[in-house]
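Accompanying notes for the structure given below.
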Amino acid sequence: MNGGLVLLVLLFWLLPSTTHKIMQTICVARNPLWTVKNYYRPGEVIIGGNLLLERFALHETLIFHRDPSETAVTRRFKNYQLFLALAFAVTKINKDLVLLPNITLGFHIYDNKDTLSRISWNSLSLLCTRGQMVPNYKCDKQDILLSVVGDLNSQYSRQMASIFSIFKVPQLGFDFLKFTQEDRIVFPSFFRISPNEFLQYGGLVQLLLYFQWNWVGLVAPEGDSGQHFISSLRPMLKEKEICLAFSQLLAYESYGITMSEYVPLIKSWLKAEVILLLGEYNCMVTIYPALHLFELWTKSAFRNVWILTSHWEINVFQQTLEFKKPFHGALHFTDHSHDIPEFQHFLLSLDPLNPQGDFFLSPWWEDVFGCRIHKLEVILRKKKKQCTGKENLQNLPSYVFETSMTGESYNIYNAVYSVAHAFHAMRGSGAQPAMMKIRKRTSSIQPWQLLANLKNTRFNNSVGNEIFFSENGLGSARYDLLNWIFLSNLSFVPMKVGQIDSGAPPGQDFTINSDAVIWAKKVPFARCGMKRCHAGERRRVPEGKEVCCYQCEPCPEGTISNKTDAVCCDQCPENQFPNKDMDHCIAKKIHFLAYQDILGYILASLSLSLSMITLAVLVIFLKHNDTPIVKANNRNLTYILLVSLLLCFLCSFLFIGQPRKLTCFFQQTSFAILFSLAVSSVLAKTVMVVLAFMATKPGNKTRTFLGKPLTNSIVIACPLVQALLCVIWLVTSPPFPSLDFHSLVGEIILECKEGSASMFYTVLAYLGFLALVSFIMAFLARKLPDTFNEAKFITFSMLVFCSVWISFLPTYLSTKGKSMVAVEIFSILASGTGVLACIFSPKCYIILLRPHLNCRQNLIRNKNL
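Residues -19 to -1, 1 to 846 in mature numbering (1 follows the signal peptide of the UniProt record, and there is no 0) are what the sequence shown lists, from first letter to last.
In structure tokens:
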């Protein structure tokens, strides 16, 4: 769409079938410029098959030469394909035997001459009797107005809507700048046939994001459309952190521009490698010569990439092709179009020697082929050859004329069919049953009667696309993305490389084949910073700089960024950790003391070895059960102590391997109870030694306490208290397997949590209390006379035991993971080994190596012997 150049007004007329002879008279009287008399069906009359035009789309384009003061003017027919698309659609409808039988449509075309006054005049004249300006009064019943199509300019379209909405005339127009809900109320008869421009702006942003461009320029013409373009894009760009190197509103200047005035424009354009351009005509008449002069003066090509909106009209004549060279590699959003084969056949059937009332065909043909149709003109202008009428439109370059249907032509084609289908629905709905009868005049039809059916019209066109009116336009709003290429044979051709489809699922609404894009030199960098932040880095905006002009810094420890230009670094999930380059997360290893680990293997072997040694000591004692050294100090306590030590060594295996609910449940409690039993046995032995020697003194009554009841009470009561504490622990807050994600880098610690830390330390404290009492008792009895006195050995064993567990606490609390478990296992083994070695190694030495000392005489020897 090129706003403000041409108003295309489409009028539909109908009349009931009378006779072909009467219609011919009417057509002749109207001096038709275009008739479709060759396409009528028998029994029908062609109504209003003519064009009323004072001046059709003649537009002046300035061609600047090396001297900017010299200009030449070339004229072209800008919207001729739109006119042909209109004629083609009406022709197809009139030939359709099903859509509107016995009804023939016609049309007129008016030129607005780019003035609001002309727009108002033409709009009002359509509502009046021909030749009289009395709005909404028509005594001429020959022409029945059904609908209007226009304008290509959004400002002019709104002006028309303000008139036609009063009289409820359906207007199928191109986009308003901002067609809001309030506009829908004010202009109820306006139907948009072009895609919603907001979707196009979203496509522009998605295109920039796809190529990671964040430093671009913005150029638009002065006026409402330019202001709307910039005000709409700014927040969208800002939201996606895309910065503007410059934004520029260009005034319309058709002449008198000097090189000094172009220099600041071009300097600003050089600030950005990518420029977004609202390519309306008012803007292009300044840009074209500016770029052309730049290349002439610098002897170098302007290689920045232009991204153009659908407003840009590329169709130009050969004279202005030089102006298009700077747009080599440009990306251009255009209204989506489907190629309709019948339309191409329709174009190829055009005959300038027999225009059949088409007033524009002959002069247009002469311009595009550079020939003259009338012999007199050929004689007067010898430079022009005579047209044969056999010239082939397919040989014309695409920048001169497109034989395939363009986006705007496709919109008009669908708009015409929408009105026809709406009229068909109204005709078959029974709303006006008498109106549509054969031989009944239809002069009473009013355009407002079409509104309801037009709102609800829904059909599939000839290429299978579903057509309906929505807030996004006629059908599902779609834009094609073209890549314009200037070839060495001086042809300027478009190539489709992508599209925007509002009806596609999210994430698939914008598609592009970047490999098919041909750039002016290379893919633009178009970024403010000198480099992009790689994966593993994040952006940092220096104070006072634009958000796009950032610097890069590594991600903080424990975070990653897996994309370029990451705003911030992300934490890895709990079960993952950053790799060395901090660009992706890798799974953490499960960390626990396994049998396969060297440390686990050593501790398991050590536990098994000590268990076997303890078992061997137990066997030795059982074998020498009746010897004095075994009998001394209560052999039953000795067996209980050895068995408890054996079980203590074996309970170490509960700490090795993958922690599970059952193993966690019994780990600490089994260790606490078994060690309480062992220490209680030692305590009972110590008490027995002390009481035995105290009983030897005359008059001492402690002899009554000697015997099994006391030892059994100690051995049972002390572990029973520990067992009671453990039961309370297990009932209130038992240990459980837990995952620790944060203590070790790159590993997940699978461990047994104590559940209740206070109960854990209470159990340890009670165990320490028993050991301390045993140590004190043994220490006091260490010098009592007797060869088999165990007090000394118990003192050393308890000293080792207490030393191990006192050093255990700070070491245990300062380690993590398998090291913590290893510390506890080592403490169990070390304390058990201390008791085993200190108490039983001397006895085993005597039993095995000095059996002669294992006799009754040693029990009564003096301590000095």
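Backbone N, C-alpha and C define an ideal beta-carbon position, used for all residues, glycine too.
Spatial neighbours of Ile730 in its chain, beta-carbon cut-off 6 Å, leaving aside the 5 residues before and after: In the sequence shown, counting from the first residue as 1, residue 730 sits at position 749. These residues qualify, in order along the chain: His572, Asp721, Ser724, Gly798.
Residue from Lys503, Leu258, Arg284 with nearest C-alpha to Leu225: Taking the sequence shown and counting its residues from 1, the one referred to as residue 225 is at position 244. Across the set Lys503, Leu258, Arg284, the C-alpha of Leu258 shows the shortest separation from the C-alpha of Leu225.
Between the CA atoms of Asp332 and Phe(-8) - distance to the nearest angstrom: Within the sequence shown, the letter at position 12 stands for residue -8. Within the sequence shown, the letter at position 351 stands for residue 332. Model confidence at Phe(-8) stands at a pLDDT of 42, short of 50, so the residue's coordinates are unreliable; what they give is reported in the following sentence. Going by the C-alpha atoms only, they are around 25 Å apart.
Cα-Cα separation, Ala704 to Ala762: To locate residue 704, count along the sequence shown from 1; it is residue 723. To locate residue 762, count along the sequence shown from 1; it is residue 781. Cα atoms of Ala704 and Ala762: separation of roughly 29 Å, rounded to the nearest angstrom.
Spatial distance of Ile481 from Met265 (CA atoms): Indexing the sequence shown from 1 puts residue 481 at position 500. Indexing the sequence shown from 1 puts residue 265 at position 284. So the alpha carbons of these two residues sit roughly 25 Å apart.
Segment contact flag, the segment 461 to 469 with the segment 324 to 343, C-beta cutoff 8 Å, min 3 pairs: Taking 8 Å as the limit for Cβ pairs, the verdict is that the segment 324 to 343 does not touch the segment 461 to 469.
Of the listed residues Asp551, Leu628, Tyr620, Pro554, nearest to Ser588 (C-alpha basis): As a first step, residue 588 must be located in the sequence shown, where it is residue number 607. Considering only alpha carbons, the answer is Leu628.
Straight-line gap, Lys436 to Phe450 (C-alpha atoms, nearest Å): As a first step, residue 436 is located in the sequence shown; it is residue number 455 there, counting from the start. As a first step, residue 450 is located in the sequence shown; it is residue number 469 there, counting from the start. The C-alpha of Lys436 lies about 7 Å from the C-alpha of Phe450.
Sheet register partners of Ile729 (DSSP bridge): Mapped onto the sequence shown, residue 729 falls at position 748. Residue pairing for Ile729: DSSP places it in a beta bridge opposite Ile571.
Alpha-carbon to alpha-carbon, Ser469 and Arg353: If you number the sequence shown from 1, residue 353 lands on position 372. If you number the sequence shown from 1, residue 469 lands on position 488. Roughly 30 Å between the two C-alpha positions.
Range covered by the alpha helix (DSSP H) that runs through His273: By 1-based counting over the sequence shown, the position of residue 273 is 292. It spans 262 to 279 - the alpha helix (DSSP H) in which His273 sits, taken as one unbroken run.
Strand pairing of His313, partner residues [DSSP]: The count along the sequence shown starts at 1 and reaches residue 313 at position 332. Answer is Leu289, Leu463.
Val200: first and last residue of the uninterrupted beta strand (DSSP E) it sits in: In the sequence shown, residue 200 corresponds to position 219, counting from 1. For Val200, the uninterrupted beta strand (DSSP E) segment begins and ends at 196 to 202.
Continuous beta strand (DSSP E) assignments of at least 3 residues falling wholly in the segment 620 to 685: Residue ranges of uninterrupted beta strand (DSSP E) with 3 or more members are absent from the segment 620 to 685; none lies entirely inside it.
Residues near Gln413 by beta carbon distance below 6 Å, same chain, minus five either side: For the purposes of this step, residue 413 is taken as the residue at position 432 of the sequence shown. Here Gln413 scores only 45 on pLDDT, less than 50, and its place in the model should not be relied on; the value that follows carries that caveat. There are no such residues.
Cross-strand partners of Thr492 (DSSP beta bridge): Along the sequence shown, read from residue 1 onward, the residue named residue 492 stands at position 511. Per DSSP, the beta-bridge partners of Thr492 are Gln480.
Alpha-carbon spacing of Asn494 relative to Gln193, whole angstroms: For the purposes of this step, residue 494 is taken as the residue at position 513 of the sequence shown. For the purposes of this step, residue 193 is taken as the residue at position 212 of the sequence shown. Going by the C-alpha atoms only, they are around 15 Å apart.
Presumed contact (8 Å Cβ cut-off) between Leu185 and Ile288, rounded CB distance: Numbered from its first residue, the sequence shown carries residue 185 at position 204. Numbered from its first residue, the sequence shown carries residue 288 at position 307. Sure, about 6 Å apart at Cβ, within 8 Å.
Stretch pair the segment 124 to 132 + the segment 142 to 156: three plus CB contacts closer than 8 Å: A contact exists between the segment 124 to 132 and the segment 142 to 156.
Short Cβ contact (8 Å threshold) for Ser318 with Gly388: The residue given as residue 318 occupies position 337 in the sequence shown. The residue given as residue 388 occupies position 407 in the sequence shown. One thing to note: Ser318 has its Cβ within 8 Å of the Cβ of Gly388.
Closest residue to Ser390 among Ile583, Phe64, Trp710 (Cα-Cα distance): In the sequence shown, residue 390 corresponds to position 409, counting from 1. Among Ile583, Phe64, Trp710, the Cα nearest to that of Ser390 belongs to Phe64.
Straight-line gap, Pro832 to Val611 (C-alpha atoms, nearest Å): Taking the sequence shown and counting its residues from 1, one reaches residue 832 at position 851. Taking the sequence shown and counting its residues from 1, one reaches residue 611 at position 630. In a straight line, the C-alpha of Pro832 is about 12 Å away from that of Val611.
Neighbourhood of Pro718 by C-beta distance below 7 Å, restricted to the same chain and skipping five residues each side: Here residue 718 refers to the residue found at position 737 of the sequence shown. Closer than 7 Å at the Cβ level, and outside the excluded window around Pro718, lie Pro640, Arg641, Lys642, Cys645, Leu731, Cys733.
heavy atom of the ligand HEM below 7 Å from Ser588 C-beta: Only the bare structure without any ligand can be found here, which leaves the ligand HEM out of the picture.
Contact the segment 691 to 705 vs the segment 533 to 550: 3+ CB pairs below 8 Å: Touching, no, given that fewer than three Cβ pairs across the two stretches are closer than 8 Å.
Segments of 4+ residues assigned as alpha helix (DSSP H) that fall wholly inside the segment 564 to 619: 579 to 604, 609 to 612, all fully within the segment 564 to 619.
Alpha-carbon spacing of Cys509 relative to Arg215, whole angstroms: The count along the sequence shown starts at 1 and reaches residue 509 at position 528. The count along the sequence shown starts at 1 and reaches residue 215 at position 234. Those two C-alpha atoms are separated by around 17 Å.
CB contact flag (Leu751, Val670, <8 Å): In the sequence shown, residue 751 corresponds to position 770, counting from 1. In the sequence shown, residue 670 corresponds to position 689, counting from 1. Not a contact, by the Cβ cut-off of 8 Å.
Backbone CA spacing between Ile223 and Tyr531 [nearest angstrom]: In the sequence shown, residue 223 corresponds to position 242, counting from 1. In the sequence shown, residue 531 corresponds to position 550, counting from 1. Taking the straight line joining both Cα atoms gives about 12 Å.
Beta-carbon gap between Ile541 and Asp564 smaller than 8 Å: Numbered from its first residue, the sequence shown carries residue 541 at position 560. Numbered from its first residue, the sequence shown carries residue 564 at position 583. Against a cut-off of 8 Å, the Cβ pair of Asp564 and Ile541 comes out as a contact.
Touch test, the segment 821 to 828 against the segment 596 to 616, Cβ-Cβ under 8 Å, three pairs minimum: With a cut-off of 8 Å, the segment 596 to 616 and the segment 821 to 828 count as touching, because enough Cβ pairs lie within range.
CB of Leu312 within 8 Å of CB of Leu190, strictly: What you label residue 312 is simply residue 331 of the sequence shown in a count that begins at 1. What you label residue 190 is simply residue 209 of the sequence shown in a count that begins at 1. Not a contact, by the Cβ cut-off of 8 Å.
Between the CA atoms of Ile448 and Asn442 - distance to the nearest angstrom: In the sequence shown, counting from the first residue as 1, residue 442 sits at position 461. In the sequence shown, counting from the first residue as 1, residue 448 sits at position 467. So the alpha carbons of these two residues sit roughly 7 Å apart.
Residue interval of the beta strand (DSSP E) (run including Cys533): The residue labelled residue 533 in the question sits at position 552 within the sequence shown. Cys533 -> beta strand (DSSP E) spans 532 to 535.
Local conformation of Glu222 per DSSP, three classes: Here the question's residue 222 lines up with position 241 in the sequence shown. It is coil, neither helix nor strand.
Pairwise C-alpha distance: Phe558 and Leu817: Here residue 817 corresponds to residue number 836 of the sequence shown, with the count starting at 1. Here residue 558 corresponds to residue number 577 of the sequence shown, with the count starting at 1. The C-alpha of Phe558 is placed about 46 Å away from the C-alpha of Leu817.
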